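Beneath this line is the structure, given in structure tokens, with notes to follow.
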Amino acid sequence: MAKVIVVANQKGGCSKTSVVTNLSIGLAMKGKKVCVIDADPQGSLTASLGYQEPDAIRYTLATIMTKIINEEEIDPEEGILHHEEGVDLVPANIELSGMEVSLANAMSRELILKEYVDMIRDQYDYILIDCMPSLGVMTINALVAADRVLIPVQAAYLPVKGLQQLLKTVMVVKKGNRELGI
Numbered sequence: 001m002a003k004v005i006v007v008a009n010q011k012g013g014c015s016k017t018s019v020v021t022n023l024s025i026g027l028a029m030k031g032k033k034v035c036v037i038d039a040d041p042q043g044s045l046t047a048s049l050g051y052q053e054p055d056a057i058r059y060t061l062a063t064i065m066t067k068i069i070n071e072e073e074i075d076p077e078e079g080i081l082h083h084e085e086g087v088d089l090v091p092a093n094i095e096l097s098g099m100e101v102s103l104a105n106a107m108s109r110e111l112i113l114k115e116y117v118d119m120i121r122d123q124y125d126y127i128l129i130d131c132m133p134s135l136g137v138m139t140i141n142a143l144v145a146a147d148r149v150l151i152p153v154q155a156a157y158l159p160v161k162g163l164q165q166l167l168k169t170v171m172v173v174k175k176g177n178r179e180l181g182i
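Under the working numbering, think of the first position of the sequence shown as 1, with each following residue one higher.
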């Protein structure tokens, strides 16, 4: 059963995507089975793994989450891209930006990503989730699905101020996900 690690910070440009990319490839080089989930509509993780046109990808995290919200049957393997470095990728693109609105009206909206992660969890040693720079419903979904959260932060006033806000959010999420650690 995979360890699920979220890399999150509501501040942009703090190396979240670089951490996920390098950690996932490093784990794969050590023989671990790794899946990365791009939970950012910018698709930076998808692009950093060589898929230069994320918006051209037809089956993404948004597709999966929409099917779960609509209670449609899904094949958990569908849409997973297999990267040459030995890392599997659930890609994202601009379609994911509409997910915040879709999630606002969904029942148990904070559990949608967890439902998908639970479907694929037994196939991997690690699942890493790259979050968008926000504390919105998508980031809450990632935290609910996770065992651990990594918070990359620069040693400066504003990033540390943002860290305090994220830590408060993590404490709220821990009420429903007692396994979540930092």
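Cβ coordinates follow ideal geometry from the N, Cα and C atoms, glycine included.
Since this is a predicted model, take the numbers as computed values, not measurements.
- request: Evaluate Gly43 with the Cβ neighbour count: other Cβ atoms within 10 Å of its Cβ, from every protein chain shown; 16 or more gives buried, anything less gives exposed.
  value: What you label residue 43 is simply residue 43 of the sequence shown in a count that begins at 1. Buried, because 16 or more other Cβ atoms sit within 10 Å of the Cβ of Gly43.
field: Proximity of Ala8 and Tyr124 at Cβ, strictly below 7 Å
entry: Position 8 of the sequence shown, counted from the start, is the residue given in the question as residue 8. Position 124 of the sequence shown, counted from the start, is the residue given in the question as residue 124. No; because the gap between Cβ atoms is not below 7 Å, this pair is not in contact.
query: How would you call Leu167, buried or exposed, if buried means at least 16 neighbouring beta carbons within 10 angstroms?
result: Numbered from 1 along the sequence shown, position 167 holds the residue referred to as residue 167. Counting Cβ neighbours within 10 Å, Leu167 comes out exposed, since fewer than 16 surround it.
Given Leu143 as reference, the closest of Thr63, Lys114, Asn93 once Cα atoms are compared: For the purposes of this step, residue 143 is taken as the residue at position 143 of the sequence shown. The residue with the shortest Cα to Cα distance from Leu143 is Lys114.
query: Out of curiosity, what's the CA-to-CA distance linking Ala92 and Tyr157?
result: Here residue 92 corresponds to residue number 92 of the sequence shown, with the count starting at 1. Here residue 157 corresponds to residue number 157 of the sequence shown, with the count starting at 1. Answer to the nearest angstrom: the Cα atoms are 31 Å apart.
field: Proximal residues to Ser24 (C-beta, below 7 Å), its chain only, five neighbours per side dropped
entry: Against the sequence shown, residue 24 aligns to sequence position 24. Val34, Val36, Val87, Leu128.
- request: Can you have a look at Ala146 and say buried or exposed, based on whether 16 or more other CB atoms are within 10 angstroms of its CB?
  value: Within the sequence shown, the letter at position 146 stands for residue 146. That one is buried.
- prompt: Between Tyr59 and the rest of its own chain, which residues show a CB-CB distance below 7 Å, the 5 nearest in sequence each way excluded?
  reply: Reading the sequence shown from its first residue, position 59 is the one you call residue 59. Within the same chain, Tyr59 has close Cβ partners Glu78, Gly79.
- prompt: For Ala28, does the count of other Cβ atoms within 10 angstroms reach 16, so buried, or fall short, so exposed?
  reply: Within the sequence shown, the letter at position 28 stands for residue 28. Flag for Ala28 reads buried.
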